[in-house]
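In full-length UniProt numbering, the protein residues as written are 1 to 314.
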């Protein structure tokens, strides 16, 4: 498996009357490039290595076979968020990243203005300091609680320059507007929650549409990975596997009412204890790592450890 940064070049062509990869260049390491090509209908691997002089030299050409027969296509596929795309597409979070940068800049402007408001500038005008020889020098003023400025020039004026605060509300509104846009684009956690109480089912329905796009993306990537892993397993004569990325983005524990209803079904003999346990695990009441047999052994041990009924009565 190669990262996107290691896929140097991808070229498509017509093989068996359909578009397929005819040339792929992959960076194994800083001194090795693997080139996958289809030459005269035969799949070949050409290894390029960097010499001490910095020149790339074709080191070896390998013709892979499967069951003694050569391949007519490159066994390589690009797992992307966009079907059939051989170039890096726009990432799903690109817009959110750009908004996040804008929010950072707006927050910096707001923080700078607030800093100026909190730190007024003291100034002195109409005063010239002189040394013992009567020469004009740069005055030195110490700003401290126990210091007093004594100015012998009646024309001197001391004041404090403060920021009026104009524009603070506009900057704060800008930050809030960008945060709202980020919430609409995808960062749902930034949105202000409603103060009113909301049922768990309503909350789940509201979030379901937001999770659908992410789930579709995860399912698309899962299908790509499963297909390529099974291709590799077929190559070494191993059975196929099923691969799926987790799409449970809204884990909602099972409610007490649901547990009570299921328990009544078990007591009525309409559901087995093992099915009930599996449902509790799916509802995130029981840890996934705990098996039904282990839980049954724990229950039996708890029963065995209980004191006798007669002792409890005493």
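All residues carry an ideal CB built from backbone N, CA and C; glycine is no exception.
If you drop the 5 nearest sequence neighbours on each side, which residues of the same chain put their C-beta closer than 6 Å to that of residue i?
i, result
"residue 246", "none"
"residue 124", "158"
"residue 156", "126, 127"
"residue 266", "276"
Report all residues from its chain with a CB closer than 8 Å to the CB of residue i; omit the five preceding and five following residues, and keep chain order.
i, result
"residue 93", "186"
"residue 182", "96, 99, 100, 103, 190"
"residue 119", "none"
"residue 148", "none"
"residue 136", "128, 129, 130"
"residue 195", "Because residue 195 sits at a pLDDT of 47, beneath the cut-off of 50, its placement in the model cannot be relied upon, and the point is left open."
Answer with buried or exposed for residue i, where buried requires no fewer than 16 other C-beta atoms within 10 angstroms of its C-beta.
i, result
"residue 277", "buried"
"residue 36", "buried"
"residue 192", "Low confidence applies to residue 192: its pLDDT is 45, below 50, so where it sits in the model is not reliable, and the reading given next is rough at best. The residue is exposed, with fewer than 16 neighbouring Cβ atoms inside 10 Å."
"residue 214", "exposed"
"residue 145", "exposed"
"residue 150", "exposed"
"residue 143", "exposed"
Got a sec? Which residues, its chain only, sit under 7 Å from residue i by beta carbon, not counting five neighbours each side?
i, result
"residue 60", "47"
"residue 225", "79, 243"
"residue 86", "10, 12, 78"
If you follow the alpha helix (DSSP H) that residue i is in, where does it begin and where does it stop?
i, result
"residue 34", "That residue, residue 34, is in no alpha helix (DSSP H); its beta strand (DSSP E) goes 32-39."
"residue 93", "Where residue 93 is concerned, there is no enclosing alpha helix (DSSP H), given that its DSSP letter is neither H nor E."
"residue 157", "Here residue 157 belongs to no alpha helix (DSSP H); instead the beta strand (DSSP E) covers 157-161."
"residue 4", "Note, residue 4: premise wrong, no alpha helix (DSSP H); not H, not E."
"residue 26", "No alpha helix (DSSP H) contains residue 26, which is instead part of the beta strand (DSSP E) from 18-29."
Just confirm the distance between the C-beta atoms of residue i and residue j, as a whole number of angstroms; I'd bet it's less than 8 Å.
i, j, result
"residue 4", "residue 88", "6 Å"
"residue 283", "residue 258", "7 Å"
Looking at residue i: is its Cβ nearer than 9 Å to the Cβ of residue j?
i, j, result
"residue 28", "residue 51", "no"
"residue 228", "residue 77", "yes"
"residue 175", "residue 107", "yes"
"residue 21", "residue 62", "no"
"residue 221", "residue 168", "no"
"residue 25", "residue 34", "yes"
"residue 71", "residue 43", "yes"
"residue 122", "residue 180", "no"
What are the boundary residues of the beta strand (DSSP E) that includes residue i?
i, result
"residue 9", "7-15"
"residue 121", "121-125"
"residue 144", "Counting along the chain, residue 144 falls outside any beta strand (DSSP E), and DSSP gives it neither H nor E."
"residue 44", "42-50"
"residue 74", "Premise fails: residue 74 is in no beta strand (DSSP E) and is neither H nor E."
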